Each structure stands twice: as C-alpha cells, then as structure tokens.
Amino acid sequence: MPSPKPKSKKPLILITCGGCLGILILMFLYSVFSAKLMRTFRGEKPSSKPQVKIYNKETLATMPRPETNVSYSFYPVYGNTMGEIDSSIITNMPAYGGDIYTAEGVQGAEAGRTESTFYWNVTPVQEENECLMADIVLDTKLVIVMPEWKDRDKGSASLAAEWDNFYNALDVHEIGHKDFELQQFDEMWEVFKNVPKFEQCEALVDHVKAEIQKVEARNTERNTNYDIQTQHGQNQGAYVPQQ
C-alpha cells in the first residue's frame, strides 16, 4: 500500500503572509493615529499650513512693550592736564565722533555720544476684506559712548576731581539723549498699537511707515533742541577748557 503523500504547506504560507500584511496595515494606522493624538495632547493643532500669529488693537493693548538694550562703551583718553585730556578726546573719539563745535567763542570737543539703532518690521496678511498684522518686530540698541581716562593713577587729586566733575556732567547730558531715544521707542510701539483698520495691506504698510517717520522726525528735533539749549552739555558742566 503506497504511503500517503505529505500535506502541502503552501496554504499555510499564504495564510501566514496574509497575517503579516494585516499586521503591517494595523501598525501603520496606529502610528498615524498616535502622531495626531500626541500633537493634540501637546496642544498643537494638526495644521495643513504654517500658523501665523495675528495682532490687532485688542491683543496689542494687553502686550507689554518690548524690552530695550542700553549699554556703555568706553574709549581711552590720556593726559596729565585737562587740556591734554581734551586733545586726547578729539583724537580718540570713535568714528563719526570727535566733532568740533564752538560755543561762547571757545572751541571744544564732543566727548560723549549716544548711538541708537532701531529696527521694526510687520508682516501684513491679506484677508478678504481686511489687512491684518502678523509677526510684529520692534527692537532697539542704545550705546552711550564715553571717555575713560587711562592716566588717572598718574594725576593729582585736584585733576582727578576736575575729571570726575566733567565726566559726571557728560554722563548726565548723554542720559538726556538716551531718554529721548527711549521716548522714540515708546512712540513707535504706540504706532503699532493704534493702527486703524485697512482693507488693503499696501495702505496699512504705508500708514505704518509714515507714522514711524513722524516719530523719528520728532525725536531728531528733540535731540537738536536739547543740544542747542545745553550747548552740547557745556551748560551742564560737560566742558573741558583748552589750557
């Protein structure tokens, strides 16, 4: 009697492969669902396009004014008399400084300076009947440039006292300029907080530019009048007479 033929294992192989395919499909669906679930759990909205933060009067009214950066920078001056120090100021004042001016018939040097850099930007977003503001950026960097007397340890006590009086008066004068720059920063922030409604983005951007230019012009006038009134700080004691 012939021995029975062994049963074919091919159907078992097909069943096994079919099970693998099903498992792979389930794993793929689980990974997609899990990713969406995790984004929702973290508070992230599954998005089809980048999310843009929109600003208006209501949101800006509750936002604090951006912080400002104010620092000092020093340049070296030398001398054993106030006259020598004054000459050193004229020589060593950093670029675009060292300006010579005349007040009451006496020549002097601009010993200090307040440098300001303002940066602003707004990204307009055009909607159907209104232009909205997004990604508002307002930043400034203020640097007060002052002289540093390097020969102080060689000078007399009276010369040191005279230098201190001059330096402190100069610092007061430059702080006045610094305050004007901070006022400009505040006014620029107010421009963004009070932008009216515009249907077209071109009109919104033109409005912001025009208002910023007005703020800048007012600040230039304030600084100019301040220097005229104080004679570049001389009336405040920031004056080194030629000796």
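Read in order, the letters of the sequence shown correspond to residues 88 to 330 in this note's numbering.
Idealized CB from N, CA, C, for every residue including glycine.
All values reported here derive from a predicted model rather than from experimental measurement.
Short Cβ contact (8 Å threshold) for residue i with residue j
i           : j           : result
residue 201 : residue 156 : no
residue 249 : residue 164 : no
residue 288 : residue 211 : yes
residue 270 : residue 303 : no
residue 166 : residue 251 : no
residue 225 : residue 207 : yes
residue 199 : residue 177 : no
residue 325 : residue 267 : no
Residue i burial status per 10 Å Cβ neighbour count (16 or more: buried)
i           : result
residue 150 : exposed
residue 175 : buried
residue 306 : buried
residue 170 : exposed
residue 142 : buried
residue 173 : buried
residue 136 : The pLDDT assigned to residue 136 is 40, lower than 50, so where the model puts this residue is not dependable, and the model offers no usable value.
residue 161 : exposed
residue 42  : For residue 42 there is no data in the structure shown, the boundaries of the chain being 88 and 330.
residue 265 : buried
residue 327 : buried
residue 186 : Here the model assigns residue 186 a pLDDT of 42, short of 50, so the residue's position is not dependable, and the following value carries that caveat. It is exposed - the Cβ of residue 186 has fewer than 16 other Cβ atoms within 10 Å.
residue 245 : exposed
Minimum Cβ-Cβ distance from residue i to chain B less than 8 Å
i           : result
residue 212 : In the structure shown, chain B cannot be found, because there is only a single protein chain.
The beta strand (DSSP E) enclosing residue i, as first and last residue numbers
i           : result
residue 213 : 200-213
Reduced DSSP secondary structure (H/G/I, E/B, other) of residue i
i           : result
residue 237 : coil
residue 327 : coil
residue 313 : helix
residue 149 : coil
residue 322 : helix
residue 156 : strand
residue 180 : coil
residue 227 : strand
residue 254 : helix
residue 167 : coil
Limits of the alpha helix (DSSP H) - the one that residue i falls within
i           : result
residue 285 : Element bounds for residue 285: n/a, residue is neither H nor E.
Query raised in the report: Are the region 209-225 and the region 279-289 touching by the rule of at least three beta carbon pairs closer than 8 Å?
Result: yes
Query raised in the report: Pairing CB atoms from the region 302-316 with CB atoms from the region 260-274, are three or more of them under 8 Å?
Result: yes
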